[in-house]
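Letter by letter, the sequence shown follows residues 4 to 338 in our numbering. By construction, the Cβ of each residue, glycine as well, lies at the ideal position given by its N, Cα and C atoms. Remember, it's a predicted structure, so these values are computed and weren't measured experimentally. As structure tokens, the structure follows; a few thoughts come after it.
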Amino acid sequence: MFGLELSFIWAGIIALAVLIYVILDGFDLGVGLLFPLTKDEGERNVMMNSVAPIWDGNETWLVLGGGGLFAVFPLAYAVIMPALYIPITLMLLGLVFRGVAFEYRWRTKRFKPFWDMAFFGGSLTAALCQGIALGALVQGIEIEGRAYAGGWWDWLSPFSVLTGVAVTVGYALLGATWLNMKLVGRIQEHMRGLVWPLAIATLVFMALVSLWTPFQNEEFFGRWFAWPTAAFSVLVPVLVGLAVVGLFQGISTGREIRPFLCALSLFVLGFVGIGISFYPHIVPPSLTIAEAAAPDSSLAFTLVGTLVLLPMILGYTAYAYWVFRGKVDPDEGYH
């Protein structure tokens with residue numbers, strides 16, 4: 004029982020790390036996705052300055068989620084990685100290239116347009132591949148004898164492509180609401196205007212993915228439409244509706260913080276929906292959290308260190324956002 008409890012505690016920690024990564028690095032990637040929709044270099048500079056102090060810290064949560072999966076759920080890691088080698092590798096290359104572009108565009112004038120496009124391209128690749136990997140995981144991974152038994156291209160399907168586009172559009176919405184909150188002048192007005200079509204597109208894709216997901220697996224269907232979990236089938240859409248009302252009202256009344264928080268809440272609710280669909284599996288349709296967990300001694304040992312480090316990371320993250328709160332000064336440069 005103790006081992007079972009530890010495995011579920013660790014599943015919660017990894018899920019938390021992934022969620023924090025999605026909502027933090029999501030708007031960060033969204034800024035890159037919106038890079039081509041600018042008027043001049045000055046606007047691109049302030050867009051990049053809005054995430055300059057925090058972009059690399061956001062990716063700490065990706066390391067925690069991936070490293071935690073390797074350490075405490077080695078069987079799940081051994082199954083997921085071969086199944087998703089291509090999208091995960093492309094995602095990491097996109098993040099690396101994006102990080103290089105972030106630094107290099109400030110060091111050159113001649114090749115700045117190239118690095119601007121590299122920043123956009125890296126953001127697009129990372130966002131799209133994250134969504135595709137999510138879709139491939141939701142549709143299920145074939146396991147035989149505690150090992151991946153599928154093919155190289157099983158991750159690529161109409162459903163995974165749909166989730167890839169959905170996540171990308173959602174990240175663009177996060178980026179637009181973040182820039183509306185952080186910037187001033189014409190670029191702020193432009194980003195505020197983009198929130199409407201991006202929000203509508205995000206809702207359409209969320210609806211399509213939500214309607215398609217239960218048909219990916221019989222257990223998903225039963226979990227969403229059988230009592231008592233069917234209550235969430237009503238509760239989650241209601242909460243999504245409230246978030247949408249808050250988002251549109253905030254934009255219409257000139258609010259800046261509320262639209263961003265409401266856009267974040269859409270991702271949180273989507274993540275909760277995926278968690279309801281998966282539980283108690285960590286790799287659907289057949290590998291459960293308890294089956295994939297490392298030995299009890301490893302779970303306990305790693306949990307001690309994590310309980311020390313996790314508050315430190317949360318504290319540092321909160322402090323960084325607090326220090327760099329407020330509007331971006333257009334006259335300030337990134338160094």
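| query | result |
| --- | --- |
| Ile144, DSSP secondary structure in three states | coil |
| Beta bridge counterpart(s) of Thr291 as assigned by DSSP | His284 |
| Residue environment, Ser300, which counts as buried when at least 16 other CB atoms sit within 10 Å | exposed |
| Cβ-based neighbour list, Tyr80, same chain, cut-off 7 Å, excluding 5 preceding and 5 following | Leu72 and Phe73 |
| Residues near Thr243 in its chain [Cβ-Cβ closer than 6 Å; skip 5 each side] | One detail in the question is off: residue 243 reads as Val in this sequence, not Thr. Closer than 6 Å at the Cβ level, and outside the excluded window around Val243, lie Leu272. |
| Distance between Leu177 and Val25 (C-alpha atoms, nearest Å) | 10 Å |
| Cβ shell of Leu22 (< 6 Å), same chain only, five flanking positions each side left out | Phe274 |
| Buried/exposed call for Lys185, threshold 16 Cβ in 10 Å | buried |
| The alpha helix (DSSP H) enclosing Trp199, as first and last residue numbers | Arg189 to Trp215 |
| Of the residues Leu201, Arg47, Gly15 and Arg261, the one placed nearest Val331, counting alpha carbons only | Arg47 |
| Closest residue to Phe38 among Ala295, Ser10 and Gly124 (Cα-Cα distance) | Gly124 |
| Identity of the residues DSSP links to Tyr24 by a beta bridge | Tyr24 pairs with nothing; no bridge assigned. |
| Cβ-based burial, Gln252 [other Cβ within 10 Å; buried from 16] | exposed |
| Beta-carbon contacts of Gly33 that lie in its chain and below 6 Å, excluding the five residues immediately before and after | Tyr174, Ala175, Leu177 and Gly178 |
| Buried versus exposed call for Gly97 [16 or more other C-beta atoms within 10 Å across all chains shown] | buried |
| Length of the line joining the Cα atoms of Glu8 and Leu250 | 38 Å |
| Supposed close pair Ile285, Phe11 - CB separation, criterion 8 Å | In fact, because the Cβ distance is near 10 Å, the residues do not count as touching under 8 Å. |
| Gly318, DSSP secondary structure in three states | helix |
| Close beta carbons around Phe327, own chain, < 8 Å, minus the five adjacent residues each side | Pro56 and Ile57 |
| Cut-off 7 Å between Cβ atoms - residues of its own chain near Arg149, not counting five sequence neighbours on either side | Leu78 |
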